[in-house]
Amino acid sequence: MKITRAIVLAVALSGSAASHANDTAIGDDNGTITFKQLPHVSMDSEALFISEALVTVDYVFTNNGPADVVTPVAFPMPPAYFGDSDHTEIENFKVWADGRLVNAEQKWVIRRGEVDVSDQVRRWGWTTDDIFRLMQGGGTPKGKKPLPSHWFDTNGEPLITISKYHVWQQTFPAGKPLTIRHSYVPSVTTGVPQSWSTLFEAYGKETCPDKALIAGIEKRDGEGGWEYNFLSYILTTANHWQGPIKDFKLTIRKRQPTDVFSLCFDGAFKKTDPLTFEFRQSDFRPTRDLKILFLRRRKPE
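Mapped onto mature numbering (1 follows the signal peptide of the UniProt record, and there is no 0), the consecutive letters of the sequence shown carry residue numbers -21 to -1, 1 to 280.
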């Protein structure tokens, strides 16, 4: 016996354009796209590795129910970015289930605030390319119905986002563990070197630099400023599985021993080598998403 859940795309994402996310099951809720709880599937472990160049996540799930569950699982990309700051895209996304490479389907999702308007926009005859042109300063395509005026701010800028999702159909076998792994080159926000005070003014509220970190940076300050990468990771979607994460491990790795990083996090990291910091906890329930600011001292030319 197999329980098959309806397949539809996508879920609310908020925050920085440089966000990433945990895998989560998705489904159709009377036309509103929402995360779907899987009440019988637990996340037995999650090992999350984050660096500026690579993100990997290894999960073990167990379906504790009496029957197999077949459901679409989605990895949501950050909303496409159309601003002025330097911003990289997620690259080389791969996913494996029980060691086998999965062929995930790519779909685009259009959202206005917390509402998925993808089907509505497409019923009006708009294509994904039309939305991209609109977001880049274009107007209503010839022959297409204009989008509602309240979908734009007072400056005429669209109040919508468009995001890519990797979606695949996944079987969670009854009573058996399932391993899922994915990896990718993360999306980061960066720019020309800045003073540390300017960077903390921009990112400090999101990344919680403490007094000891600031004091250490002040001692090393000088000409040239600080190179930086800002990276976000959506962690709270892990709460959509049965119970807490039974065994959670977070590893953050710097590029160089002299680099520093800052994030808001309720837990202490253990330094395991000059580049690597680890946090581990049983029965972990994430209460906030991760926003990490990596800094390195730029050498004067």
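Backbone N, C-alpha and C define an ideal beta-carbon position, used for all residues, glycine too.
- Just measuring C-alpha positions, the residue of R264, L272 and I224 sitting nearest G170 is L272.
- By the neighbour-count definition (other C-beta atoms within 10 Å, threshold 16), T237 is an exposed residue.
- DSSP places V100 in the helix class (H, G or I) of the three-state scheme.
- Here the C-alpha atom of R101 lies approximately 28 Å from the C-alpha atom of V81.
- Rounded to whole angstroms, I89 and D109 show a C-alpha spacing of 12 Å.
- Residue environment for H129: exposed (fewer than 16 other C-beta atoms within 10 angstroms of its C-beta).
- The stretch 250 to 266 makes contact with the stretch 223 to 242: 3 or more CB pairs, one atom from each, lie closer than 8 Å.
- Cβ atoms of K250 and E185 stay farther apart than 8 Å, at about 23 Å.
- Around T35, the same chain offers F28 and S162 as residues with beta carbons nearer than 6 Å, after the five sequence neighbours per side are excluded.
- Closest in alpha carbon position to F61, among T168, S30, D268 and L274, is T168.
- F244 is bridged by DSSP to nothing; it lacks a bridge partner.
- Excluding sequence positions up to five before and after K123, its CB lies within less than 8 Å of the CB of W103, G104, W105 and D109, all in the same chain and listed in chain order.
- Two segments are said to touch when three or more pairs of C-beta atoms, one from each, lie closer than 8 Å; by this definition the stretch 48 to 58 touches the stretch 133 to 147.
- In the DSSP assignment, A194 falls within the unbroken alpha helix (DSSP H) covering K190 to R199.
- The DSSP-derived three-state label of A217 is helix.
- In terms of CA proximity to L254, I231 leads the group C187, I231 and W175.
- Ranked by Cα distance from W75, the options P45, S97, D37 and G246 are led by D37.
- Rounded to whole angstroms, the gap between the alpha carbons of D98 and E70 is 27 Å.
- S166 is the residue among E136, T177 and S166 whose C-alpha sits nearest the C-alpha of L210.
- In the structure shown, S30 adopts coil according to DSSP, grouped into three states.
- In this structure, the CA atom of H19 is about 53 Å from the CA atom of K278.
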